[in-house]
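Residue numbers 2 to 342, in my numbering, belong to the letters of the sequence shown in order. Okay, structure first, notes after.
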Amino acid sequence: MLTYILKRILLMVPTLLGALTITFIVIQFVPGGPIEQLLAEARTGGGGSYKARGDTTEKQLLEMKKLYGFDKPAHERYFDMLKNFATFNLGRSFLQNKEVWTLIKEKLPVSISLGLWAFLISYLISVPLGIAKAIREGSRFDVATTLVVLIGFAIPGFVLGVFLIVLFAGGSFLDWFPLRGLTSDNWADLSWPARIRDYFWHLTLPLICYVIEGFAVVTLLTKNTFIEELRKQYVLVARAKGLSQQRVLWKHVLRNALIPLVTGLPAAFIAAFFGGSLLIESLFSLDGLGLLSYESVVRRDYPVVLGSLYLFTLIGLGVKLVSDVLYMLVDPRVQFGAVGK
């Protein structure tokens, strides 16, 4: 297994290089770079001095290109980027004048709040529900819950968010929940029990929209996996030996049926943090990683685009490796070292 892990770590290098190289090349052909963005914002914001004299404009352009490193050829900027990323220096935002690390850390509270609770709620409800549906396959309970789950899955999170706002957040009907942020303005003055209530009060509607997207997938995956295991020969043999339904289910079926879910936990856990929904964050005024990624692309903030891409790709590759190792630990029949022999 150690040999397999070392090979996978070595394979991460070309994968990272490929993702960064393709993105860097695409960026070179995208019209309207960060300097053009700054000039456009200055003009629309009343910065008419840029148009006053042509030589002044040209001088300012040269100074800005030197400041942001665009006075260097593309291949030099590319290798400078790789050298910085090798030491985990993600660079500095052109437009916000902050380190990319700092920006990501500022947005993490929103992403952690949404991702962690959405992940826990999804799995704590979906897995038991999927098991119950598998045991009662074809019953009214199974049909009814399948209908509810699929209806929820068919509704886009953004559309559901608009509906919830209109209904419960001061729209045309009730005014039960707030529309902005993770906490109230007076959060620091509240007692700890009141802070906890305020925190979950703000999270209620965004979490409903977040959870509904992955709820059906986990539920139906659990159900189908359990049904597949219940129909296998070893279950019939165990029942023929006189073992009770509960013993067969929890001692034999559960271990094998949960393999796909257990091995997928690391990826699902990380995706819950870094797969922020731009539409939901925008709808509920939550300044998270989804909104940061969108704004950095639209405003051509290349250090944020490339730095966050590097970080998230590295995390994704690491999580994939953890999932494979976990698969082997859960199912000893899998031997990665034997592949290719």
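Every residue, glycine too, gets a C-beta built ideally from N, C-alpha and C. Since we're looking at a predicted model, the values are computed, not measured.
For residue i, the nearest candidate out of the options (CA to CA)
i: Ile260; options: Arg232, Tyr295, Val323, Leu327; result: Leu327
i: Tyr303; options: Gly131, Pro207, Arg93, Lys321; result: Arg93
i: Gln246; options: Leu91, Ile136, Asp72, Pro74; result: Ile136
i: Leu121; options: Leu279, Leu208, Lys224; result: Leu208
i: Leu318; options: Asp199, Pro15, Leu109; result: Pro15
i: Trp102; options: Asp199, Val320, Leu91; result: Leu91
i: Phe95; options: Val299, Leu322, Val320, Leu330; result: Val299
i: Val305; options: Phe86, Phe154, Val160; result: Phe86
i: Ser297; options: Leu3, Phe80, Thr4, Gly33; result: Gly33
Three-state class that DSSP yields for residue i in the structure shown
i: Arg300; result: coil
i: Gly186; result: Sequence inspection shows Asp at residue 186; the Gly mentioned does not correspond to that position. Of the three classes helix, strand and coil, the one that applies to Asp186 here is coil, per DSSP.
i: Glu230; result: helix
i: Arg93; result: strand
i: Glu138; result: coil
i: Asp72; result: coil
i: Asp288; result: coil
i: Val323; result: helix
Same chain, Cβ closer than 7 Å to residue i, five either side skipped, listed in chain order
i: Ser123; result: Val212, Gly215, Phe216, Val219
i: Val254; result: Phe227, Glu230, Leu231, Val236
i: Gln97; result: Leu104
i: Arg240; result: Val249
i: Lys108; result: Asp288, Gly289, Leu290, Leu293
Sequence-distant residues of the same chain with beta carbon closer than 6 Å to residue i, five excluded per side
i: Thr88; result: none
i: Glu282; result: Gly289, Gly291, Leu292
i: Gly131; result: Thr220, Thr223, Lys224
i: Phe169; result: Leu175, Trp177, Phe178
i: Met13; result: Leu318
i: Ile36; result: Met65
i: Lys52; result: For Lys52, the predicted structure reports a pLDDT of 44, less than 50, and the residue's modelled location is therefore unreliable. A value from the coordinates is still provided. Correct list: empty, nothing qualifies.
Close-in-space but distant-in-sequence residues of the same chain around residue i (CB under 8 Å, 5 per side omitted)
i: Leu310; result: Ala20, Leu21, Thr24
i: Val163; result: Leu284
Counted within 10 angstroms of its Cβ, other Cβ atoms place residue i as buried (16 or more) or exposed
i: Phe30; result: exposed
i: Leu7; result: exposed
i: Val238; result: exposed
i: Ile316; result: exposed
i: Lys84; result: exposed
i: Thr223; result: buried
i: Gly139; result: exposed
i: His203; result: buried
Supposed close pair residue i, residue j - CB separation, criterion 8 Å
i: Ser286; j: Leu180; result: 7 Å
i: Val128; j: Leu262; result: 7 Å
Cutoff 8 Å: residue i Cβ touching any chain E Cβ
i: Asp199; result: Reference to chain E is not applicable here, since this structure consists of a single protein chain.
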